[in-house]
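K.L.:
Pasting in a structure now, in structure tokens, and then I'll have a few things to ask.
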Amino acid sequence: MKVQNLPGTTRRAFTLTALGASAAIALAACGGGSTESAESEAPAGGETSATLTMWTDAERAPALKDIAAQFKEDQGIEVDLVIKDFAAVRDDFITQAPTGKGPDVLVAPHDWLGTLVQNGVIAPVQLGDKADDFTEASVQAMTYEGQVYGVPYAVENIALIRNTELVGEAHETFDDVVAAGEASGAEFPFLVGLDPKQADPYHTYPLQTSFGAPVFEQAEDGSYDVSQLAMNNDGGKEFAQFLADNGDQGTKVFNSNVTGDIAKEKFLAGEGAYFLTGPWNVPAIEEAGIDFAIDPLPTAGGEAAQPFIGVNGFLVSSYSENELAANEFVVNYLSTEAAQDALFDQGGRPPALISSFEKAASDPVIEAFGEIGTSGVPMPAAPEMQAVWADWGATELNLIKGNESDPAAAWEEMSKNIEAKFNG
Amino acid sequence: MNGESTSTRGAVAPAAGPKGTGRGGRRLPTNPDGMIGIVAKILLLGFVDAIAAFALFQLAINGEWLVFAVSLIVTIGINWIYLRRGGLPAKYLAPGILFLLLFQVFAMVFSTYIAFTNYGDGHNSSKEDAIDSIQLSALERVPDSPQYAATVLDDGGELALLVTDPDGNVSVGTAEEPLEPVESAQLDSTGKAVGLDGYTTLAFGDILARQGEVADLVVPISDNLDDGTLQTQDGSTAYVFKPRLVYDEAADTFTDVSSGKVYTDSGEGTFQAEDGSTLGVGWKINVGFDNFVRAFTDQNLRGPLLSVILWTFAFAGISVAATFALGIFLAIAFNRADLKGKRIYRILMILPYAFPAFLSGLVWSGLMNAEFGFINNAILGGAYIPWLTDPVLSKISVLIVNIWLGYPYMFLVCTGALQSLPEDVEEAARIDGAGAWTIFRVIKLPLLLVSLAPLLISSFAFNFNNFNVIYMLTGGGPRFDDTNLDIGATDILITMVYKVAFGGAGRDYGLASALAIIIFIVVGVISAISFRKTKALEEIN
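Residue numbers (the working numbering), protein chains in the order written: chain A, -4 to 419; chain B, 106 to 646.
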């Protein structure tokens, strides 16, 4: 989709023609050995076939390969999958899109949206009536500044995994959970992967929200007001005190030396009663033969414990010359039940499409994670988040290590620092 | 930024000069370089020319005339150098100079250029692109408007949109003619209009062939443009859109339709309203010396700057001194003629060098975990030593890891240099009654330094910017208490630059380039002075 009278359009159109021409010449020069795209059958009548370029990472490529092959058969559009290192995708896309060398479509987690929109490299998509087929939170996550920028396909959030051999029943509050963990005699009553350098505000967020201290205020449509930090309230200060009470100088439930890898290792060895983690660690737990159950997130401050949810989706480049083909693929094809089923079969991430999720939920693990996800909130996607994570993590680390004599003051100080960066 | 790859832990510079230049000049046709030489030359030159011709062709098609001209001159130059008789030095030097220009000079010129722009997140491309993209994201679907099933028609070359609303009413419109109801449309089984007399229905393949045109098709809903326009993104569904912001090309301003707020070009690469608010997407402009001014006046940078600079020098200096001391000690120890299994020891010594610094940073970070790490648990019997989280210990840890990473290189070059020392000098000294230590201090070390001093300087320059070790091991931490920045006890200049330029709200390549240039100047000056000093050493010979 383009707006009228764009000065850039003709230039881009020219570049495309030029690229096409040169590609054709290149093919002719090579003796037409390598590709069959010119011969592909377009069942809908015309002779033409567009080629879409899509960036993905190695993990998602197998599922997409099958879907792309099916799409070519159905619509005659070839999807050229380029496998890239996941960590490099965002920055490469931002720098390459304006030069015309970027992809038409890419796979991305929703928290990249802020930066991608700020750089003007992705175009809004119209889900129309299809929006109702997706879980509400997943569409909310794909919405930035009032526009939907992608088709969601997977939703991820953390949950509390319990070793059922050690603890027989589920518990609702954090205190009960820790007490049950300690009573079980396990070496680690409650495991959560932190980082000795940065703590981990993502994993501790449900506990924070249970004190009524969300990072930003959320509007009714699910969008965040990033101009105003909301966690600088009484609940936030209580949470700060809670971290200090359960840190090195207190109960030692939170131990910053326990990294994600160590937490996983201890839980797999059967030495942990509880493990606060996401679905990505479930296959290893199953493989280790641990009997486990997935419990709702425990509340520490009395209110609901809301985890961050991360949504993966497909985005369309605003520099794409194949915008129609790209929209056809992303909005009309990848949103179908068949495509979302296939993505789930290969990737194992809970689907965003409700009908696919219901099928996937025959697996109790997926169902439990999905259930907990409905109470979650999308991770904020604003570009400012990078600064927030750094200060947030450093302060939580200091609290856990018992370096702060006045936790409430430290929390206040952190909030001031973050706000200063927003305004600076 | 951290461009120096791990393989260049101090550059090895073989002095491959154009020796034997006298072989140039005229030769008898019967005695050329030999048949094989000529064939090789023809093949190689042909290969280069083939690639060049292909590249030139591409460039010409894409209208990149400047690059085209440069490439053409270079290609002609290469052919001239290698096809003419004589001029042997040029034949030796041409490839090196070409690669120097391409990989060093060009990179430096380019980052200098970036340092004078505001290139970074939010200023990513041209103004044209920014206007495009603002318009694109400001075009919003009218709330609660119907979703139309759409068919694209061709009316004598002009496109028309045939739409069916959810109630089954069919209308048609073009870019010029607003939407009009039609009665006689052909419907498919779902009640969607798929054809109209006098128009040709475009099949999906045809739509794809003209997808730019279809995507640009904007059909007004009525004569009043405020009612919105119909557009389709996929050729089969159309929605009613209305822009939130309208661009006025003549005035070069954006106007917010609902509030009437006017955004004008602020001169800083953004559209700005009078109240100071800006539109999210900006563009790249030249900002002169702004980035350099910021580098010297930014409050955030000033605070911890002194301690970071001191630590950077200490880190680089100690790293070089310690790796050299360890390397030369081991080299001498393993240079004894009567040592058995020397080869195996030497191979084992060099192993850390084969390890990517990136990876060993992570591995060491795990080994040094205070509670679960191998060092505390297995070696120190369960002691709780905060290797990475105590300000002083973290500095020591970084140095230990860097020495572990760096000594094999020193061991390698010292072994090589030792073996080239004349043995008679040592023998003469021994006969004169000098002890081992005196021989080392008075004879071996000075002789070694003649060839090794330049390597020590380049090793210093490398460690001055040793981003990987710091970033992967401690991430610069633990943080300083007296700053609100994410800067800590083990941050060196280059990691601080990375955090300041990329750690805040988005990436600022302009500022990063400016800071990198400043660091380059510092390192360059130190190296130049040191190289001058090493000339004194050469006089020993």
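C-beta: ideal position from N, C-alpha, C; glycine also.
Which whole-angstrom value is the C-beta distance of V372(A) and F303(A), which I expect to be below 8 Å?
P.N.:
Within the first sequence, residue 372(A) is the residue found at index 377, counting from 1. Within the first sequence, residue 303(A) is the residue found at index 308, counting from 1. Indeed they touch by this definition, with Cβ atoms about 7 Å apart.
K.L.:
State the Cα-Cα distance for the pair I202(B) and M213(B), rounded to the nearest angstrom.
P.N.:
One-based indexing of the second sequence puts residue 202(B) at position 97. One-based indexing of the second sequence puts residue 213(B) at position 108. Roughly 15 Å between the two C-alpha positions.
K.L.:
Can you tell me whether S222(A) is helix, strand or coil according to DSSP?
P.N.:
Numbered from its first residue, the first sequence carries residue 222(A) at position 227. The three-state reading of DSSP puts S222(A) in strand, counting E and B together.
K.L.:
What are the residues in the region 92 to 112 of chain A lying within 7 Å of chain B by C-beta distance?
P.N.:
P93, T110, V112
K.L.:
Please tell me whether D336(A) and S357(A) are closer than 7 Å, where the distance is taken between their beta carbons.
P.N.:
Looking up residue 336(A) in the first sequence gives position 341. Looking up residue 357(A) in the first sequence gives position 362. No, Cβ-Cβ distance for D336(A) and S357(A) is not below 7 Å.
K.L.:
So is T494(B) in contact with chain A if we call contact Cβ pairs under 7 Å?
P.N.:
Working through the second sequence from its first residue, we reach residue 494(B) at position 389. Chain A contact via Cβ: present.
K.L.:
So the alpha helix (DSSP H) R399(B) belongs to, where does it begin and stop?
P.N.:
Within the second sequence, numbered from 1, the residue matching residue 399(B) stands at position 294. Taken as a continuous stretch (DSSP letters only), the alpha helix (DSSP H) holding R399(B) covers 395 to 402.
K.L.:
Tell me whether I72(A) sits in a helix, a strand or coil according to DSSP, three-state version.
P.N.:
In the first sequence, counting from the first residue as 1, residue 72(A) sits at position 77. If DSSP states are grouped into helix, strand and coil, I72(A) belongs with coil.
K.L.:
Taking the C-alpha atoms as reference points, what is the distance between V257(B) and L319(A)?
P.N.:
Here residue 257(B) refers to the residue found at position 152 when the second sequence is read from its first residue. Here residue 319(A) refers to the residue found at position 324 when the first sequence is read from its first residue. One C-alpha to the other measures close to 12 Å.
K.L.:
Does the distance from the CB of N391(B) to the CB of T600(B) come in under 7 Å?
P.N.:
Counting from 1 along the second sequence, the entry for residue 391(B) is found at position 286. Counting from 1 along the second sequence, the entry for residue 600(B) is found at position 495. Contact flag unset, no.
K.L.:
Quick check on L319(A) - is its C-beta less than 7 Å from some C-beta in chain B?
P.N.:
Taking the first residue of the first sequence as 1, we reach residue 319(A) at position 324. Yes - at least one Cβ of chain B is within 7 Å of the one on L319(A).
K.L.:
Tell me, please, whether the region 290 to 299 of chain B touches the region 269 to 280 of chain B by the rule of three or more beta-carbon pairs shorter than 8 Å.
P.N.:
yes
K.L.:
Can you tell me whether Y200(A) is buried or exposed? The criterion is at least 16 other CB atoms within 10 Å of its CB, across all chains shown.
P.N.:
The residue given as residue 200(A) occupies position 205 in the first sequence. Its Cβ being crowded by 16 or more others within 10 Å, Y200(A) is buried.
K.L.:
Quick one: does D243(A) have its CB under 7 Å from some CB of chain B?
P.N.:
For the purposes of this step, residue 243(A) is identified with residue 248 of the first sequence, where counting begins at 1. Taking Cβ atoms only, chain B never reaches closer than 7 Å to D243(A), which makes this a no.
K.L.:
Residues of chain B with CB under 8 Å from G231(A), in chain order?
P.N.:
On the first sequence, position 236 is the one that residue 231(A) refers to. The premise fails here: G231(A) is roughly 18 Å from chain B at the closest Cβ pair, so nothing lies under 8 Å.
K.L.:
For L307(B), which of Q252(B), D260(B), R349(B) has the nearest alpha-carbon?
P.N.:
Indexing the second sequence from 1 puts residue 307(B) at position 202. It is D260(B).
K.L.:
Below 8 Å, how does it come out for the region 281 to 300 of chain A and the region 104 to 116 of chain A: are there three or more Cβ pairs, yes or no?
P.N.:
no
K.L.:
Since A254(B) is in the beta strand (DSSP E), which residue starts that stretch and which ends it?
P.N.:
Counting from one through the second sequence, the residue named residue 254(B) turns up at place 149. Residues 253 to 260.
K.L.:
To the nearest angstrom, report how far apart D52(A) and A404(A) are at their CA atoms.
P.N.:
For the purposes of this step, residue 52(A) is taken as the residue at position 57 of the first sequence. For the purposes of this step, residue 404(A) is taken as the residue at position 409 of the first sequence. Straight-line spacing of the CA atoms in D52(A) and A404(A) works out to 43 Å.
K.L.:
Please go through the region 478 to 554 of chain B and give each complete alpha helix (DSSP H) segment of 4 or more residues, from N-terminal end onward.
P.N.:
496 to 524, 528 to 536
K.L.:
Whose C-beta lies closer than 8 Å to the C-beta of A39(A) among residues of the same chain, with five residues either side of it excluded?
P.N.:
Numbered from 1 along the first sequence, position 44 holds the residue referred to as residue 39(A). Here the model assigns A39(A) a pLDDT of 42, short of 50, so the residue's position is not dependable, and the following value carries that caveat. Same-chain partners within the cutoff: Q70, G71.
K.L.:
Just tell me which of R55(A), H166(A), L59(A) has its CA closest to the CA of L47(A).
P.N.:
For the purposes of this step, residue 47(A) is taken as residue 52 along the first sequence, with counting starting at 1. Minimum Cα distance to L47(A) is reached at L59(A).
K.L.:
I'd like the list of long-range same chain contacts for P209(A), defined as Cβ closer than 6 Å, with 5 residues on each side in sequence excluded.
P.N.:
Here residue 209(A) refers to the residue found at position 214 when the first sequence is read from its first residue. Cβ within range, chain order: A225.
K.L.:
Measuring alpha carbon to alpha carbon, tell me which of D293(B), L266(B), S294(B), L510(B) ends up nearest P286(B).
P.N.:
Indexing the second sequence from 1 puts residue 286(B) at position 181. Of the listed residues, the one whose Cα sits closest to P286(B) is L266(B).
K.L.:
So what does DSSP say about G255(A), is it helix, strand or coil?
P.N.:
As a first step, residue 255(A) must be located in the first sequence, where it is residue number 260. In this structure, G255(A) counts as helix in the three-state DSSP scheme.
K.L.:
Spell out the partners DSSP gives Y344(B) in its beta bridges.
P.N.:
Within the second sequence, the letter at position 239 stands for residue 344(B). Paired residue(s): Q336(B).
K.L.:
Whose C-alpha, out of S635(B), D403(B), P325(B), is nearest the C-alpha of A280(B)?
P.N.:
Position 175 of the second sequence, counting from 1, holds the residue named residue 280(B). Of the listed residues, the one whose Cα sits closest to A280(B) is P325(B).
K.L.:
Give me the subset of the region 296 to 310 of chain B whose CB atoms are less than 7 Å from a CB atom of chain A, sorted by chain position.
P.N.:
A308, F309, G310
K.L.:
So, at 7 Å on beta carbons, what are the nonlocal neighbours of V518(B) in its own chain, with the 5 sequence-adjacent residues on each side left out?
P.N.:
Locating residue 518(B) in the second sequence gives position 413, where the first residue counts as 1. Result list for V518(B): L557, L560, in chain order.
K.L.:
So, for V162(A): in the same chain, excluding its five sequence neighbours on each side, which residues have a beta-carbon less than 6 Å away from its beta-carbon?
P.N.:
By 1-based counting over the first sequence, the position of residue 162(A) is 167. Excluding positions up to five away in sequence, the list reads A175, S179, A268.
K.L.:
Anything in the region 234 to 254 of chain B with a Cβ closer than 8 Å to a Cβ of chain A? List those residues in chain order, please.
P.N.:
So the close ones are D234, A235, I236, D237, S238, I239, Q240, L241, S242, L244, E245, R246, Q252.
K.L.:
Whole angstroms are fine: how far does the CA of G145(A) sit from the CA of M137(A)?
P.N.:
Position 142 of the first sequence, counted from the first residue, corresponds to residue 137(A). Position 150 of the first sequence, counted from the first residue, corresponds to residue 145(A). Near 6 Å, if we compare the C-alpha coordinates of G145(A) and M137(A).
K.L.:
Counting only runs that start and end within the region 117 to 187 of chain A, where is the alpha helix (DSSP H) found for 4 or more residues in a row?
P.N.:
131 to 136, 169 to 178
K.L.:
Taking 6 Å as the limit between beta carbons, can you name the residues of its chain near A165(A), skipping five residues before and five after?
P.N.:
Here residue 165(A) refers to the residue found at position 170 of the first sequence. Hits under 6 Å: D290.
K.L.:
Under 8 Å: do the region 204 to 222 of chain A and the region 389 to 399 of chain A share three or more Cβ pairs, one atom per stretch?
P.N.:
no
K.L.:
With distances taken Cα to Cα, identify the nearest neighbour of V112(A) among T246(A), D127(A), Q341(A), Y314(A).
P.N.:
Walking along the first sequence from the start, residue 112(A) turns up at place 117. Answer by Cα proximity: Y314(A).
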